[in-house]
Structures are given as C-alpha cells and as structure tokens.
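The opening position of the sequence shown corresponds to residue 2 in this note's numbering, with each subsequent residue numbered one higher.
For every residue, glycine included, the Cβ atom is placed at its ideal position computed from N, Cα and C.
None of these values were measured; they are calculated from a predicted model.
In what follows, a single structure is set out as structure tokens and then discussed.
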Amino acid sequence: MLTGGRPDLCRYSCSVRFLFAVIANRNQVVTANSDEMTAIDLFNEKIEAAGQRILAVGLQDPSSAVVFDNRRGAGTRVNGPIVDADDFMAGLWVIEAPSEIAAHQLAEEASRACNRRIEVRAIL
C-alpha cells in the first residue's frame, strides 16, 4: 500500500541512517590539525543545518579500549582493542541520507574535511 506515493515502510521517513567510521593509521598523525578541525566544523555545520547529523564524535586511542566477553557467563575482561592493527576507528558520524548515493557523496565530503578515510555502513 502506498502512502503519499511512498511504500508503507516510508510512512514516517524515507531516509536511511549510515555510520561513517573515520579511519586513522597509527603510523601517521592521528590528531586533526587546526585546518582539518575547521573543515570538520564546517562539514558538521552543513549536515546539522540539513538535518542529517545524528551524531559526531571522536574516539580515544585504541590502547584505552577494554573488551568484555560475558558470553555463557565467561566474565572475561581484556585491556586493549579487539583487533590490534595499524588502522583503527578514530571517530564516527551517524548521518541520515535519502539514499546510499547521497550518503556516499557526503562520505566523500567527510573524508576531504577530516583528511582521513571514511568507511560507510548502513545502519539496520
């Protein structure tokens, strides 16, 4: 059944949420410089004004991570990241976009702004 020309699943909104994972490399400078921070702020202002920004955060270094595993009551706690690799998630955006194509266009802008690679995943 259609509601206003859209399938029922779009009754409230036809936007999809996406995770933009900011990928840094420990062998390079991890902290954003002032030019990058200015570009990130401008990007954030743009997507906020468009109603697309749900969340934007930076993350602590992976060495500060703690992994908990309580499957079947194991009660394990391990200091450090789940995967120890040179590439890691340094921050993230959760954005809303009308399509995957629109999200990919925003990801290109995000990558340019923060001068880092961006991994995009749809949120289920």
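Please name the residue in the options whose C-alpha comes closest to that of residue i.
i       : options                           : result
Asn-80  : Arg-27, Ala-50, Val-67 and Asn-71 : Val-67
Ala-114 : Ser-16, Val-23, Val-17 and Phe-19 : Val-23
Gln-61  : Thr-32, Arg-18 and Phe-21         : Thr-32
Gln-53  : Gln-106, Glu-110 and Ala-98       : Ala-98
Pro-63  : Arg-72, Pro-82, Asn-71 and Arg-78 : Pro-82
So residue i is in the alpha helix (DSSP H); what residue range does that whole segment cover?
i       : result
Ile-24  : No alpha helix (DSSP H) contains Ile-24, which is instead part of the beta strand (DSSP E) from 17 to 26.
Arg-113 : 101 to 115
Ala-57  : Premise fails: Ala-57 lies in the beta strand (DSSP E), 54 to 59, not in any alpha helix (DSSP H).
Ile-124 : From DSSP, Ile-124 is part of no alpha helix (DSSP H); its letter is neither H nor E.
Taking the Cβ atom as the reference point for each residue, do residue i and residue j lie within a distance shorter than 7 Å?
i       : j       : result
Asp-87  : Asn-34  : no
Ala-108 : Ile-119 : yes
Leu-43  : Val-95  : no
Asn-116 : Glu-37  : yes
Asp-25  : Ala-91  : Looking at the sequence shown, residue 25 is not Asp but Ala. Result yes, Cβ atoms of Ala-25 and Ala-91 sit closer than 7 Å.
Per DSSP, which one or two residues make a beta bridge with residue i?
i       : result
Asn-80  : Val-67
Ile-119 : Val-23
Ile-96  : Phe-19 and Arg-54
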